[in-house]
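Using my numbering, the first residue of the sequence shown is number 407, and each one after it goes up by one. I have placed the structure first, in the form of structure tokens, so that the comments after it can refer back to it.
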Amino acid sequence: PRHFCPPLHCFTGTYAQIEPFLNEFPNLAVGFTALVTYSSAIAAKDAMKRIPLERLIVETDAPYFLPRQVPKVWCKFSHPGLAFHTVQEMAKLRNISVKSVLSTLRRNTNRLYNL
């Protein structure tokens, strides 16, 4: 159904690719991982910036996708504690505080999973 939609996991595409889904599914949440911490993630960063913050969630896709800032000698596998790097990137791209992003992400998660 149009009003029921699970999160779109690990999005790495362009805004043009996600826009029709955002329009068709008003409850769609789009998940981003630490891949957006890499300079090569130009399209995903643009999409993350343009999608309304109220439609975003942060994922780790553990054990994959270490944030760019985390050397593999320190940590070989991604884990939930590293999601903060994705949150920082989201705040930087939107020019808003990390606190504001975290607050919105908490509301998004609560709404999405009926917590």
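Glycine is no exception: its CB is placed at the ideal position from the N, C-alpha and C atoms. Keep in mind the model is a prediction, meaning the values are calculated, not measured.
Q: Consult DSSP for residue 457 and reduce its assignment to one of helix, strand or coil.
A: The answer is coil: DSSP assigns residue 457 none of H, G, I, E or B.
Q | Reference residue 430, options 443, 409 and 415, closest by Cα | A | When the alpha-carbon of residue 430 is set against those of 443, 409 and 415, the nearest one is in 409.
Q: Using the Cα positions of residue 504 and residue 489, report the straight-line distance between them to the nearest angstrom.
A: Across the structure, residue 504 and residue 489 are spaced so that their CA atoms are roughly 12 angstroms apart.
Q. With distances taken from CA atoms, which of 434, 510, 418 and 433 is nearest residue 445?
A. Measuring from the Cα of residue 445, the nearest candidate turns out to be 418.
Q. Comparing the C-beta of residue 413 with each C-beta of chain D, is any distance below 7 angstroms?
A. Any reference to chain D falls outside this structure, which holds one protein chain only.
Q: Would you decide whether residue 426 is buried or exposed? Buried here means 16 or more other CB atoms lie within 10 Å of its CB.
A: In this structure residue 426 is exposed. Its beta-carbon is surrounded by fewer than 16 other beta-carbon atoms within 10 angstroms.
**Q.** Euclidean distance between Cα positions of residue 485 and residue 413
**A.** Going from the Cα of residue 485 to the Cα of residue 413 covers about 19 angstroms.
Q. Using the rule of at least 16 other Cβ atoms within 10 Å of the residue's Cβ for burial, across every protein chain shown, is residue 479 buried or exposed?
A. Looking at its Cβ environment, which holds fewer than 16 other Cβ atoms inside 10 Å, residue 479 is exposed.
Q.
Check for me: the alpha helix (DSSP H) holding residue 424 runs from which residue to which?
A. First-last of the alpha helix (DSSP H) with residue 424: 421-430.
Q: Can you give me the Cβ contacts of residue 439 inside the same chain, cut-off strictly under 7 angstroms, excluding the 5 residues immediately before and after it?
A: The beta carbon of residue 439 lies closer than 7 angstroms to those of 416, 465, 466, 467, 471 and 492 in the same chain, with the five residues before and after it left out.
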